[in-house]
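Q: Using mature numbering (1 follows the signal peptide of the UniProt record, and there is no 0), the letters of the sequence shown map in sequence onto residues -22 to -1, 1 to 278.
Glycine residues also receive a C-beta, built at the ideal position from the N, C-alpha and C atoms.
Given the structure is predicted, the values throughout are model-derived calculations rather than measurements.
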Amino acid sequence: MKLSHTALVFTSLFALGAPAYAQNNAQQEGVKVGDMSIMRKLAPTGALEGQAATQYAQTMRAAEQKNALGPANHPQVIRLRAIADKLIPHALKWNERARQWKWEVNLIGSKQVNAYCMPGGKIAFYSGILDTLKLTDDEVAMIMGHEIAHALREHGAERAGKAVAANIGVKLVELWAGAKGYDPNLAGGLAGGAAKFGMLAFSRSDETEADIVGLDIAARAGYDPRAGVALWQKMGMLNKSAPPQWLSTHPAGTTRIAEIRNHFPEVMPLYAQAKGVSLSALPPYQTNVNGIAPIVYSAK
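1. Measuring straight from C-alpha to C-alpha, what distance separates Ser256 and Gly28?
2. Where does Gly254 land, buried or exposed, given buried means 16+ other C-beta within 10 angstroms?
3. Pick out whichever of Tyr34, Trp79, Ile101 has its Cα sitting closest to the Cα of Leu58.
4. Taking C-beta to C-beta, are Leu47 and Ala40 nearer than 8 angstroms?
5. When the Cα of Gly87 is compared with those of Met38, Gly214, Ala230, Ile195, which residue comes out closest?
6. In angstroms, rounded to a whole number, what distance separates the CA positions of Gly231 and Lys212?
7. Is it buried or exposed, Asn266, if we count other Cβ atoms within 10 angstroms and call 16 or more buried?
8. If you follow the alpha helix (DSSP H) that Ala62 is part of, which residue opens it and which one closes it?
9. Can you give me the start and stop residues for the beta strand (DSSP E) that Asn84 sits inside?
10. Following the continuous alpha helix (DSSP H) through Tyr249, name the residue where it begins and the one where it ends.
11. If we ignore side chains and look at the alpha-carbon of each, how far apart do residue 300 and Ile66 end up?
12. With distances taken from CA atoms, which of Ala129, Met96, Asn92 is nearest Val118?
13. Helix, strand or coil, according to DSSP, for Ala208 in the structure here?
14. Gly99 and Gly192: beta carbons closer than 8 angstroms?
15. So for Ile235, helix, strand or coil by DSSP?
16. Measuring alpha carbon to alpha carbon, tell me which of Val83, Thr110, Leu108 ends up nearest Ile126.
17. Would you mind working out which of Met120, Ser105, Ile270 sits nearest Val245, comparing C-alpha positions?
18. In whole angstroms, what is the alpha-carbon distance linking Tyr275 and Tyr104?
19. Going by beta carbon distance, what residues of the same chain come within less than 7 angstroms of Ser258, once the five residues before and after it are set aside?
20. Report, in whole angstroms, the separation of the C-beta atoms of Ile195 and Ala69, which I expect to be a contact under 8 angstroms.
21. Note down the Cα distance separating Arg239 from Asn268, rounded to an integer number of angstroms.
22. Between which residues of its own chain and residue 322 is the CB-CB distance below 8 angstroms, once the five residues before and five after are set aside?
23. Since Lys80 contacts Gly106 with CB under 8 angstroms, what's their CB separation in whole angstroms?
24. Going by C-alpha distance, which of Arg198, Ser181, Ala35, Pro49 is nearest Pro247?
25. Considering only the beta carbon of each residue, do Leu235 and Val9 sit closer than 8 angstroms?
26. Would you kindly work out how many angstroms separate the C-alpha atoms of Pro261 and Leu209, rounded to a whole number?
27. Please report how far the alpha carbon of Glu185 lies from the alpha carbon of Pro97, in whole angstroms.
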């Protein structure tokens, strides 16, 4: 099988025979987020997971047909498996249903700087994100933890539910406008535009929540949360022409960095505990890109 630098796909299935998550003080520490959105109830989660599994399998088959499926002994396969194996046991406490998920990880050969985790634990990394950003293991864990958090917090079902609610709202506005003698198409268009901007804000909120939950998962698994700052500094160097934050489904990089730093007091102790050292003994986080200074955390 022929493999190239950017045309590489590999698959890994993870057994969920991890021991029950330990009930200790660290269990009660870490980040705090609210309950999952009730809007996710408007979309059947099981159906979404089934659709995701089908779509994921189709994507992997298409990649395999291009002779881009990497062998299990490839160094990058081993690397991603090792990181995911450490993260997944610490992810399960966020969603009990995740214990029944059939986790998969694939790296797809593409120049895209992208990664995702579909409902049901179907993870994909694109080789472009590893190669372009020169990711360290800690930075890979930040991305993987973030994407896993989207699935755990059922953001896909939440977005689908919000779309259902928005469509219902637009129809109601059109009916009201028609009854009042106004142009229902114009009223519906205005309502649809307002709903679209509202959905962008909801998506940014989901991204922030995934950043926070992903930090917690990665820190408990022994990956340095300061890598989240380095990651977005790298992204900022790469993506200087990003749209304004208010027009984007993702928060601005500077906003994400500030939010990540705000949660250092919650996650850095978890990381130090996972490494078996005191906070004061942690060395600065060293990235592998010139122009990004070592990142230091000092507990107050």
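A: According to the structure shown:
1. Here residue 256 is taken as the residue at index 278 of the sequence shown, counted from 1. Here residue 28 is taken as the residue at index 50 of the sequence shown, counted from 1. The straight-line gap from Cα to Cα measures roughly 44 angstroms.
2. By one-based count along the sequence shown, residue 254 stands at place 276. With fewer than 16 other Cβ atoms within 10 Å, it is exposed.
3. Indexing the sequence shown from 1 puts residue 58 at position 80. Of the candidates Tyr34, Trp79, Ile101, the one whose C-alpha sits nearest the C-alpha of Leu58 is Ile101.
4. Along the sequence shown, read from residue 1 onward, the residue named residue 47 stands at position 69. Along the sequence shown, read from residue 1 onward, the residue named residue 40 stands at position 62. It is not a contact, given that the beta carbons lie outside the stated cut-off.
5. Within the sequence shown, residue 87 is the residue found at index 109, counting from 1. For Gly87, the closest C-alpha among the options Met38, Gly214, Ala230, Ile195 is that of Met38.
6. What you label residue 231 is simply residue 253 of the sequence shown in a count that begins at 1. What you label residue 212 is simply residue 234 of the sequence shown in a count that begins at 1. C-alpha separation (whole angstroms): 10 angstroms.
7. To locate residue 266, count along the sequence shown from 1; it is residue 288. Answer is exposed; the Cβ neighbour count stays below 16.
8. Locating residue 62 in the sequence shown gives position 84, where the first residue counts as 1. Here the alpha helix (DSSP H) through Ala62 covers 53 to 69.
9. As a working note, residue 84 is residue 106 in the sequence shown. Run containing Asn84: 82 to 86, per the beta strand (DSSP E) assignment.
10. As a first step, residue 249 must be located in the sequence shown, where it is residue number 271. Run containing Tyr249: 242 to 253, per the alpha helix (DSSP H) assignment.
11. Lying outside -22 to 278, the shown extent of the chain, residue 300 is not represented and no answer is given.
12. The residue labelled residue 118 in the question sits at position 140 within the sequence shown. Comparing Cα positions, the closest option is Asn92.
13. As a working note, residue 208 is residue 230 in the sequence shown. If DSSP states are grouped into helix, strand and coil, Ala208 belongs with the helices.
14. What you label residue 99 is simply residue 121 of the sequence shown in a count that begins at 1. What you label residue 192 is simply residue 214 of the sequence shown in a count that begins at 1. Taking 8 angstroms as the Cβ cut-off, Gly99 and Gly192 do not qualify as a contacting pair.
15. Looking up residue 235 in the sequence shown gives position 257. Residue state, collapsed to three classes: helix.
16. Residue mapping note: residue 126 aligns to position 148 of the sequence shown, counting from 1. That would be Val83, whose Cα lies nearest to the Cα of Ile126.
17. For the purposes of this step, residue 245 is taken as residue 267 along the sequence shown, with counting starting at 1. For the residues Met120, Ser105, Ile270, the minimum Cα distance to Val245 belongs to Met120.
18. Taking the first residue of the sequence shown as 1, we reach residue 275 at position 297. Taking the first residue of the sequence shown as 1, we reach residue 104 at position 126. Using only the alpha carbons, I get a separation of about 31 angstroms.
19. Within the sequence shown, residue 258 is the residue found at index 280, counting from 1. Around Ser258: no qualifying Cβ.
20. The residue you call residue 195 lines up with position 217 of the sequence shown. The residue you call residue 69 lines up with position 91 of the sequence shown. Between Ile195 and Ala69 the beta-carbon gap is near 5 angstroms, inside 8 angstroms, which marks them as a contact.
21. For this step, residue 239 is matched to residue 261 along the sequence shown. For this step, residue 268 is matched to residue 290 along the sequence shown. The straight-line gap from Cα to Cα measures roughly 21 angstroms.
22. Only positions -22 to 278 of the chain appear in this structure, which leaves residue 322 out of reach.
23. Here residue 80 is taken as the residue at index 102 of the sequence shown, counted from 1. Here residue 106 is taken as the residue at index 128 of the sequence shown, counted from 1. No, Lys80 and Gly106 are not in contact; Cβ-Cβ is about 26 angstroms, not under 8 angstroms.
24. The residue labelled residue 247 in the question sits at position 269 within the sequence shown. Ranking Arg198, Ser181, Ala35, Pro49 by Cα distance to Pro247 puts Arg198 first.
25. The residue labelled residue 235 in the question sits at position 257 within the sequence shown. The residue labelled residue 9 in the question sits at position 31 within the sequence shown. Position check: residue 235 holds Ile in this sequence, whereas Leu was assumed. No; because the gap between Cβ atoms is not below 8 angstroms, this pair is not in contact.
26. The residue labelled residue 261 in the question sits at position 283 within the sequence shown. The residue labelled residue 209 in the question sits at position 231 within the sequence shown. Approximately 18 angstroms between the Cα atoms of the pair.
27. Numbered from 1 along the sequence shown, position 207 holds the residue referred to as residue 185. Numbered from 1 along the sequence shown, position 119 holds the residue referred to as residue 97. Taking the straight line joining both Cα atoms gives about 15 angstroms.
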